[in-house]
Amino acid sequence: MRIDGELAKQKGSGEVAKEKNRCCSRKKSKRQQKKALAEPMPTVVQRLWETCKEVFADSRPRVVPLPGDVGRLRSFLDGMKPADVGLHPNLPFFQDFKGTPPVTYLHLHQCPKFSIGIFCLPQAAVIPLHNHPGMTVFSKLLFGSMHIRSYDWVDSSKQIRSSNGACLAKLNTDSVMNAPCETSILYPAAGGNMHCFTAVTPCAVLDVLGPPYNGPEGRDCKYYTEVLCSNFPGNAAASAAPTDNDRYAWLEERQGKPDDFKVRGEEYKGPKIVGYY
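As structure tokens, then:
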């Protein structure tokens, strides 16, 4: 009987312990639920930044993210809307301007691995033909219509040059994009690394660059003047151009930013990114 009593006592103690554990688990679960309700859901911008951190974790010049990562970031950007970044076409920097319309840049984030920013263009505004040295660039048209003209060097390893220093490039894109549309991607040596934007209507384009521009590291932004092969002065180098001249052009580097390109920075007032590293 004594032994049975000890067993019963142990059994009873075990049941009490289990009940205590169940109570603790229920309380913990309720605390977690309350905490989850108290914490706001991450904004779209925050999730974009977190996705970029992962996609560009190993970002280096001329190193393209893995195809799966490229697809993941593109898919995320495809789903973004103007409201996600606090934009709408009635904001002042999308209105008509006298003379050359300026381009407004909204800075969201920059670190050594990548940068995120938005270009706001009133109708007829132009971002001149420029390059993205060693970069992979995602461009998401948030709203409006934009004409894109882009080129890649015919031979990126050894550029074909004319006697005056212009380099031979092949046309990649010459078309109008209308939002909503798929995010465009350009690569270090393909996809239209040199491009020009012209606003057909007021529009906004969100750019993700990896790695970002960096002058000391040799990633300055260069601007170009294009001359179609059919209009290029005759010389020995011109014979290097293919016969379908409408798909090729000689790009001559400008000295600095074009005088008629007006770009101004404005404070980004949309949802903020937290947790910078």
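My numbering numbers the first residue of the sequence shown as -1 and each following residue consecutively. Even for Gly, the Cβ is constructed at its ideal location relative to N, Cα and C. As the structure is a prediction and not an experimental result, all values here were calculated from the model.
To the nearest angstrom, report how far apart residue i and residue j are at their CA atoms.
| i | j | result |
| --- | --- | --- |
| R245 | M192 | 14 Å |
| F259 | V124 | 7 Å |
| L169 | C179 | 21 Å |
| L89 | E265 | 13 Å |
| K220 | F74 | 29 Å |
| W248 | S155 | 17 Å |
| G115 | H107 | 7 Å |
| V225 | D150 | 14 Å |
| L166 | S160 | 8 Å |
| R147 | A202 | 17 Å |
| K111 | H105 | 15 Å |
| N233 | I271 | Because N233 sits at a pLDDT of 48, beneath the cut-off of 50, its placement in the model cannot be relied upon, and the point is left open. |
| A188 | N129 | 12 Å |
| P102 | F117 | Here residue 102 turns out to be Thr, not Pro, going by the sequence shown. Those two C-alpha atoms are separated by around 6 Å. |
| R252 | P38 | 48 Å |
| P269 | V152 | 41 Å |
| G48 | P40 | Position check: residue 48 holds Glu in this sequence, whereas Gly was assumed. Rounded to whole angstroms, E48 to P40 spans 10 Å at the Cα level. |
| P200 | S113 | 23 Å |
| Q157 | G163 | 10 Å |
| M144 | I183 | 15 Å |
| A236 | S173 | Here the model assigns A236 a pLDDT of 47, short of 50, so the residue's position is not dependable, and the following value carries that caveat. Cα to Cα, the separation comes out at about 26 Å. |
| Q276 | C227 | This structure gives no information on residue 276, because the portion of the chain shown stretches from -1 to 275. |
| L85 | G263 | 15 Å |
| L46 | R217 | 24 Å |
| K96 | M78 | 31 Å |
| G254 | V261 | 14 Å |
| D94 | Y222 | 27 Å |
| K267 | E250 | 38 Å |
| T181 | L64 | 17 Å |
| G273 | V62 | 25 Å |
Compare the beta carbon distance of residue i and residue j with 8 Å and say whether it is the shorter of the two.
| i | j | result |
| --- | --- | --- |
| V42 | D82 | yes |
| S137 | D67 | no |
| F195 | L71 | no |
| R60 | P186 | yes |
| A122 | P100 | no |
| A177 | L140 | yes |
| T171 | G190 | yes |
Pull the bridge partners of residue i from the DSSP assignment, please.
| i | result |
| --- | --- |
| D257 | Bridge partners of D257: none, in fact. |
| G216 | G216 pairs with nothing; no bridge assigned. |
| C194 | R147 |
| E224 | L249 |
| G263 | Y103 |
| G208 | T134 |
| I183 | F136 |
| V203 | F117, L139 |
Is any non-hydrogen atom of the ligand FAD found closer than 7 Å to the C-beta of residue i, if you look at the structure I gave you?
| i | result |
| --- | --- |
| K270 | Although the ligand FAD was asked about, the structure shown includes no ligands whatsoever. |
| task | Please list the segments of the beta strand (DSSP E) lying wholly inside the region 141 to 181, counting only runs of 3 or more residues, in order along the chain. | result | 143 to 151, 165 to 176
| request: Quick one: which unbroken beta strand (DSSP E) runs of 3-plus residues sit fully inside the region 43 to 131? Chain order, please. | output: 101 to 108, 113 to 119, 124 to 128
| field | Inter-stretch contact at 8 Å, needing at least 3 Cβ pairs: the region 120 to 137 / the region 202 to 211 | value | yes
| query | Does the region 53 to 61 come within contact of the region 85 to 104, defined as at least 3 CB pairs closer than 8 Å? | reply | no
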